[in-house]
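Trainee:
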Amino acid sequence: MPTSLIQLLEPLIGSTLTIDHRRGTVIDILEDPPSLVMSSSESQEEIRLDHLGRPQETSVPSWTVSLFSKSGNALHPDLQRQLHPDLAIKAHEFLNNKD
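Quick look at the structure:
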C-alpha cells in the first residue's frame, strides 16, 4: 500500500473531474487537509496584481476540493463515482485509517 496520500492519488494528476458541479483538471494533491487542487482550462486567465495594484502576470484560476464528503468520514461522493473502484476503496481506507 502507498505510504502517502500523494503516492496513492498521483495517477489523478492531469485527469479531468467534475466535483460539486465544477469541472476541472487535477493539478496537485494536498495531504493536510486532504484535498485536490483543480484548475479549469475553460476559464479565462486572470491578471494577478502586485501589492501596489500593478498588473504582473496572468494565471488560470485554481481551487481546492476536499477529498472528504460533507460528513467528514467518507470519500467525497463525486470522487467515488468518477474514480476507478479499486482506487476509490484504497483512498477511502487511507483517509479513514489516518489518525
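Per this note's numbering, the sequence shown runs over residues 36 to 134. C-beta: ideal position from N, C-alpha, C; glycine also. In this text, all values refer to a predicted model and were calculated from it rather than measured experimentally.
#1: Starting from the Cα of Leu118, find the closest Cα among Leu43, Gly107, Glu81 and give me that residue.
#2: Alpha carbon to alpha carbon, how far is Asn108 from Asn131? Give it in angstroms, no decimals.
#3: Smallest Cα separation from Asp113: which of Asp85, Asp55, Leu40?
#4: Indicate the three-state DSSP secondary structure (helix, strand or coil) for Glu45 in the structure shown.
#5: Using a Cβ-Cβ cutoff of less than 8 Å, which residues in the same chain neighbour Asp95 once the five nearest sequence positions on both sides are dropped?
#6: Can you list, in chain order, the residues of its chain with a C-beta nearer than 6 Å to that of Trp98? Leave out the 5 residues immediately preceding and following it.
Mentor: Taking the structure as given:
#1: In the sequence shown, counting from the first residue as 1, residue 118 sits at position 83. Closest option to Leu118, judged by alpha-carbon separation, among Leu43, Gly107, Glu81: Leu43.
#2: Translated into positions along the sequence shown, residue 131 becomes position 96. Translated into positions along the sequence shown, residue 108 becomes position 73. If you draw a straight line from the Cα of Asn131 to the Cα of Asn108, it is about 7 Å long.
#3: Along the sequence shown, read from residue 1 onward, the residue named residue 113 stands at position 78. Among Asp85, Asp55, Leu40, the Cα nearest to that of Asp113 belongs to Asp55.
#4: Taking the first residue of the sequence shown as position 1, residue 45 is located at position 10. Here Glu45 carries a helix assignment [DSSP, helix/strand/coil].
#5: Residue numbering aside, residue 95 sits at position 60 when the sequence shown is read from its first letter. Residue identity differs from the one stated: residue 95 is Val in this sequence, not Asp. Closer than 8 Å at the Cβ level, and outside the excluded window around Val95, lie Ser74, Ser75, Ser76, Ser78, Glu80, Glu81.
#6: Counting from 1 along the sequence shown, the entry for residue 98 is found at position 63. By the criterion of a C-beta distance shorter than 6 Å, Trp98 is surrounded in its chain by Met73, once the five residues flanking it on both sides are discounted.
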